[in-house]
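Trainee: Number 113 in our numbering belongs to position 74 of the sequence shown; there are no gaps in the numbering. Here a beta-carbon is modelled for each residue, glycine too, at the ideal position from N, C-alpha and C.
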Amino acid sequence: MTENTRRDFIKRTVLGTTAFLAYPSARVLGANDRVRVGMIGVGGRGQELLKQILEVPNAQLVAIADVYGRRRDEAKQMAPGIQTLDDHRRLLEMNDIDGVIVASPLHIHARHFLDTISAGKDLYCEKTMTWSIPEAERCLQAAKSSNRVIQIGLQHESSGALSSAKKWIKDGLAGKITQVESWMSRNTPHGKGQWVRPVPPDCTAANVNWQAFLNGRPDQPFDAYRFINWRLFWEFSGGNVTENMVHQVAWIMSALNLPVPTAAYMSGGIFSEKDGREVPDTLAVTLDFPNDLVVTWQSTFNNSRYGLGERFLGSDGTIEHTAGANDMVRDNSEETIRYYPEKANRPDGAALNGDMPDENHMANWIECIRSRKTPNAPVDVGYRSAIAAHMANLAYRHKQRVTTAVAKSTQPEF
Ligand SMILES: NC(=O)c1ccc[n+]([C@@H]2O[C@H](COP(=O)([O-])OP(=O)(O)OC[C@H]3O[C@@H](n4cnc5c(N)ncnc54)[C@H](O)[C@@H]3O)[C@@H](O)[C@H]2O)c1
Numbered sequence: 040m041t042e043n044t045r046r047d048f049i050k051r052t053v054l055g056t057t058a059f060l061a062y063p064s065a066r067v068l069g070a071n072d073r074v075r076v077g078m079i080g081v082g083g084r085g086q087e088l089l090k091q092i093l094e095v096p097n098a099q100l101v102a103i104a105d106v107y108g109r110r111r112d113e114a115k116q117m118a119p120g121i122q123t124l125d126d127h128r129r130l131l132e133m134n135d136i137d138g139v140i141v142a143s144p145l146h147i148h149a150r151h152f153l154d155t156i157s158a159g160k161d162l163y164c165e166k167t168m169t170w171s172i173p174e175a176e177r178c179l180q181a182a183k184s185s186n187r188v189i190q191i192g193l194q195h196e197s198s199g200a201l202s203s204a205k206k207w208i209k210d211g212l213a214g215k216i217t218q219v220e221s222w223m224s225r226n227t228p229h230g231k232g233q234w235v236r237p238v239p240p241d242c243t244a245a246n247v248n249w250q251a252f253l254n255g256r257p258d259q260p261f262d263a264y265r266f267i268n269w270r271l272f273w274e275f276s277g278g279n280v281t282e283n284m285v286h287q288v289a290w291i292m293s294a295l296n297l298p299v300p301t302a303a304y305m306s307g308g309i310f311s312e313k314d315g316r317e318v319p320d321t322l323a324v325t326l327d328f329p330n331d332l333v334v335t336w337q338s339t340f341n342n343s344r345y346g347l348g349e350r351f352l353g354s355d356g357t358i359e360h361t362a363g364a365n366d367m368v369r370d371n372s373e374e375t376i377r378y379y380p381e382k383a384n385r386p387d388g389a390a391l392n393g394d395m396p397d398e399n400h401m402a403n404w405i406e407c408i409r410s411r412k413t414p415n416a417p418v419d420v421g422y423r424s425a426i427a428a429h430m431a432n433l434a435y436r437h438k439q440r441v442t443t444a445v446a447k448s449t450q451p452e453f
């Protein structure tokens, strides 16, 4: 495919999805009614979310849809009463489902997002909200013109640490914050690239609906490695900024109530394991924001010593949030949030430890389905963090500084 036809193709597939003329009306839930949930995509993350939903009181998992037979079987073992389907459209036709959890690969999020909203269901959509900027615009628009309850899988938006940071910032303890440093570091054994998963022997063309996985990407022969390891390839993934930076950028944006960045820069490369992947494993991202703020995020897959964290550097104090060397997903690393006064401007200030409790992100979504309130990670933060991630990737791929206007007028490329 030539570059032009490829671009046209992407434009058509990105913008040519479902038309939104009317939304089916959803069931009105009483305080004691069970919220009935369906899931699209029950792979690694989907199975973690499946366990979470089973633990939320007064929620019931009714059905799942996945294009890979093995995943349907695994889900059925975890929740024997559920219906398993091989096509997400059949799941969305079910009248007895109130909300849908989407945990498919990144390049299919927009399709599943839009189809779910247009079926009149509430939505929990894994991060990053979309694979591209035009998709993010379209999803935001669809969400705003619906009355659906939408939670993005940015679970750290429900953390007590974020509540502490917001409070300290609101109370003026940090003064004028001009810079936020953030980082995320992991390591992997020699010869085993980060994220690479073994291909199960039953991952064959007979057991996978490859066309549904491609979701309109240029036709290509079934490739089990790409299906299982979609994260490594631009066609399906946004690499580490959409896998991990997005969590931290969303967190920083929420703490400081930030809009989308005005510009992004990103350098790096494939330095850790040259295993055929396309997305970089070593990154330094700079995001410019209005009102005198620069946010940096750096990441390596070659050293885990400093774990992950964010430092808000203000004229009157510092807010430091750190977690250990483990990833954010499993929540198994020690997490601290602390405030340190700057003696120059707050000579009598005292250091503080954050002690606000975490909320359960999944339970928050279910509660909001009942109350119709806005969840902790609404579409708006999903949108802004997605734009920041895509601007960073554009800067990396074009090897230049990218402004918001340029990013929004650039067609996404594989
Ligand atoms: N919030 C978090 O902390 C967190 C952690 C890990 C992953 N994630 C996100 O979750 C998503 C899934 O990641 P993963 O690691 O579980 O990937 P995965 O490949 O393990 O799972 C994806 C699942 O989707 C299925 N699938 C593919 N195409 C489909 C289609 N058209 N319809 C229905 N099902 C389809 C696959 O068969 C697979 O079971 C990604 O967006 C990822 O970024 C979020």
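1) Tell me which same chain residues have a C-beta within less than 7 Å of the C-beta of Trp273, skipping the five on either side of it?
2) So, for Val368: in the same chain, excluding its five sequence neighbours on each side, which residues have a beta-carbon less than 7 Å away from its beta-carbon?
3) Among Thr155, Asp161, Ala294, Asp154, which has the Cα closest to the Cα of Val74?
4) Assign Asn43 to one of two classes, buried (16 or more other C-beta atoms within 10 Å of its C-beta) or exposed (fewer than that).
5) CB Ala204 to CB His360, shorter than 8 Å?
6) Using DSSP with H/G/I as helix, E/B as strand and the rest coil, what is Val420?
7) Regarding Asp320 and ligand 1, is the C-beta to nearest heavy atom distance less than 7 Å?
8) My understanding is that Gly346 touches Ser224, with C-beta atoms under 8 Å, so please give their C-beta distance in whole angstroms.
9) Given this structure, state the Cα-to-Cα distance separating Arg51 from Ser171, to the nearest angstrom.
10) Going by DSSP in three states, His437 sits in which element: helix, strand or coil?
11) My assumption, with CB atoms under 8 Å, is that Pro260 sits in contact with Pro298. Please give the rounded CB distance.
12) Would the beta-carbon of Gly346 be found less than 7 Å away from any heavy atom of ligand 1?
13) I'd like the list of long-range same chain contacts for Asn415, defined as Cβ closer than 6 Å, with 5 residues on each side in sequence excluded.
14) Hey, is Arg84 close to ligand 1, as in C-beta under 7 Å from one of its heavy atoms?
15) For Asp47, which residues in the same chain have their Cβ closer than 7 Å to its Cβ, ignoring the five residues on either side in sequence?
16) Excluding the 5 residues preceding and the 5 following Ala61 in the sequence, name in chain order all residues of the same chain whose CB lies nearer than 7 Å to its CB.
17) Is it the case that the CB of Phe252 approaches a heavy atom of ligand 1 more closely than 7 Å?
18) Tell me whether Tyr107, by its Cβ, gets closer than 7 Å to a heavy atom of ligand 1.
19) Just verifying my parser: in three-state terms, what is the DSSP assignment at Met292?
20) Please determine, among Ala114, Ser311, Leu68, the residue with the shortest C-alpha to C-alpha distance to Lys90.
Mentor: So, from the data block:
1) Shown here for Trp273: same chain residues with a beta carbon closer than 7 Å to its own, the five before and five after excluded, namely Glu317, Val318, Phe453 in chain order.
2) Here Val368 scores only 45 on pLDDT, less than 50, and its place in the model should not be relied on; the value that follows carries that caveat. Excluding positions up to five away in sequence, the list is empty.
3) Asp161
4) Because the pLDDT of Asn43 is 43, which lies under 50, any placement of that residue in the model is unreliable, and the number read from its coordinates should be weighed accordingly. Exposed is the call here.
5) When the beta-carbon positions are compared, Ala204 and His360 come within less than 8 Å of each other.
6) DSSP places Val420 in the helix class (H, G or I) of the three-state scheme.
7) No, the beta carbon of Asp320 sits no closer than 7 Å to any heavy atom of ligand 1.
8) 6 Å
9) Only weak support is given to the placement of Arg51: the predicted model assigns it a pLDDT of 40, under 50, and the value that follows is read from those uncertain coordinates. So the alpha carbons of these two residues sit roughly 13 Å apart.
10) In this structure, His437 counts as helix in the three-state DSSP scheme.
11) Separation of the CB atoms of Pro260 and Pro298 is rounded to 43 Å, and the pair is thereby denied contact status at 8 Å.
12) no
13) Once the five neighbours on either side are set aside, the close Cβ partners of Asn415 are Glu196, Ser197, Asn403.
14) yes
15) Low confidence applies to Asp47: its pLDDT is 44, below 50, so where it sits in the model is not reliable, and the reading given next is rough at best. Same-chain partners within the cutoff: there are none.
16) Its pLDDT being 47, under 50, Ala61 is placed unreliably by the model, and the measurement read from it follows with that caveat. Excluding sequence positions up to five before and after Ala61, its CB lies less than 7 Å from no other CB in the same chain.
17) yes
18) yes
19) helix
20) Ala114
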